[in-house]
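I have placed the structure first, in the form of structure tokens, so that the comments after it can refer back to it.
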DNA sequence: TGACTCTATTGGTCGGACCAATAAAAATCC
DNA sequence: GGATTTTTATTGGTCCGACCAATAGAGTCA
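The structure is reproduced here in structure tokens:
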């Protein structure tokens, strides 16, 4: 059968510049902290205009691969990547309609279940202390009626829990999903009751006792009620 | 205590253009398929040069938010995002040393465990058929001694399994991790034995029987041996 | 010595020109 | 009249050359 040929993107010069620099990073030739030649030199050695080089550099900057700084000893420095981009990608995919709220919250529930189990096994006293401090802070904000400020603290709870797995990738994955969740939470508005706080204290007790099944049960129950709430609220404010 | 202030990025005009367009997308004012005014018009209405607008548009293009096409009725069209960017982000973070191989494979193991459990409950006959076909194809390539071609088929197995969860976000998360794994696999080279294939047939049998615990056990065993193998190989070729 | 100024380097922006791709409109041919 | 070819207007892609803005180091002066 006739195969569907590759889309065959136009060969933009700026893309070729971008690709070549990317390859040097991938091959390890360019490493974090290294400095690229000035734009004018790059333009000359690539045999293209400065504008083309700039477009490439700006694209690289956007993906956290390089950071540009002006000035005498400035230039384009190889960066360390940007974990936040993962969350940005999801947010974009959601905003543009490529993923649904249901899929997001479902995946988040599964991920959080896993995280809870791992955290149960690995959380240190320091982790538990950080989680407790987070709930205390949330309670303080609730009493101060700063409901919207409370949202970010509540979100941070999940990131702290992910951190208790002591796995950087898991922290990033959870962080990405929570980035999107943050939008929902702010749209829905901050809760005015202390049910979440009470649930979290119960959860932390289970976690401290290393009772994974009980902790997961507590978490699941809370998240599922939250899912229903978000779904109702977002349905009331269609964004498309 | 004195808070660490925000890094305070310079206010580049091209960034402001980028931000404004992004905001219109986030607010829902610009939706997938819409067309932006031509660069020249944008430049005029923003009161900046065409170059500044171009840089912004190229950045947006890189993140899949818009796609640019030349020609009479061309222009900048709002896209649908690019799921591949999540994988790219991880690859960059790994290449730049912000995440370790251990963290990646560990997270991957956890994710895959979850996926196996969900797939056990949700996989349709069609999903199972696709997985079986994938293993058949791998076996065919093995017999043909096309070991390197086999790698991509083996990678695809995991993506197919993720697809069996019928959750788009899970597919993306798994796809992102497998993007990075693909690099490892190609560096390590294709296996010349059929242990993986046999293990997969056993796995599929468990999956078809909806025996989640057995399927997870099979998967875990396989992945852990793989992890050891990658770690040894990558240690032999330090990339930094 | 110390604070200030100058200067060279490098990213950021501009404007205007031309090329390349593309689709609609116009002209041409059968 | 209809199909085909040519023209043309629109729009992204590139280039050039100039100037501005930030910055670190050298040089200067009290």
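Residue numbers (my numbering), protein chains in the order written: chain A, 59 to 298; chain B, 59 to 298. Every residue gets a Cβ at the ideal spot worked out from N, C-alpha and C, and that includes glycine.
In chain order, 104, 106, 110, 111 and 114 place their CB closer than 7 Å to the CB of residue 75(B), counting only its own chain and leaving out the 5 sequence neighbours on each side.
Against residue 153(A), the close residues of chain B are 83 and 84, in the order they occur along the chain (beta-carbon pairs closer than 7 Å).
The CB of residue 225(A) comes closer than 7 Å to the CB of 161, 164 and 165 in chain B, given here in chain order. For residue 150(A), the residues of chain B that pass the 7 Å Cβ criterion are 121, 122, 123 and 139, in the order they occur in the chain. Beta-carbon to beta-carbon, residue 145(B) and residue 237(B) are separated by about 3 Å, close enough to satisfy the 8 Å threshold. At a beta-carbon threshold of 7 Å, the residues of chain A lying near residue 109(B) are 109, ordered along the chain. Short of 8 Å from the beta carbon of residue 260(A), and not among the five residues preceding or following it, lie these beta carbons of its own chain, in chain order: 276.
In this chain, the beta strand (DSSP E) harbouring residue 126(B) covers 124-127. Taking C-beta separations shorter than 8 Å and ignoring five residues to either side along the sequence, the partners of residue 199(A) in its chain run 205, 207, 208 and 211, following chain order.
DSSP places residue 133(A) in no alpha helix (DSSP H) but in the uninterrupted beta strand (DSSP E) bounded by 133-136.
Listed along the chain, the chain A residues whose CB falls inside 8 Å of the CB of residue 113(B) are 112, 113 and 116.
Ranked by Cα distance from residue 218(A), the options 180(A), 244(A) and 248(A) are led by 180(A). Close CB contacts of residue 248(A) within its chain, under the 6 Å cut and outside five residues either way in sequence, are with 205, 206, 208 and 209 (chain order). In chain order, 209 place their CB closer than 6 Å to the CB of residue 243(A), counting only its own chain and leaving out the 5 sequence neighbours on each side. Note on the stretch 171-244 of chain B: whole alpha helix (DSSP H) runs with a minimum of 4 residues are 183-201 and 205-221, in chain order. In the three-state DSSP reduction, residue 94(A) falls in the strand class (E or B). Nearest in C-alpha terms to residue 203(A), of all of 125(A), 250(A), 127(A) and 271(A), is 250(A).
Under the three-state reduction of DSSP, residue 88(A) is assigned to coil, being neither helix nor strand.
When Cβ pairs closer than 8 Å are counted between the two stretches, the stretch 153-167 of chain B is seen not to touch the stretch 266-273 of chain B, the count staying below three. Rounded to the nearest whole angstrom, the CA to CA distance from residue 262(B) to residue 176(B) is 14 Å. By the Cβ-count criterion, residue 290(B) is exposed, with fewer than 16 other Cβ atoms from all chains shown falling within 10 Å of its own Cβ. Nearest in C-alpha terms to residue 270(B), of all of 90(B), 178(B) and 119(B), is 178(B). For residue 139(B), the closest alpha carbon among the candidates 280(B), 241(B) and 230(B) is that of 230(B). Bounds of any alpha helix (DSSP H) do not take in residue 252(A), whose DSSP letter is neither H nor E.
Along the stretch 89-108 of chain B, the positions whose C-beta sits under 8 Å from a C-beta of chain A are 89 and 90, read in chain order.
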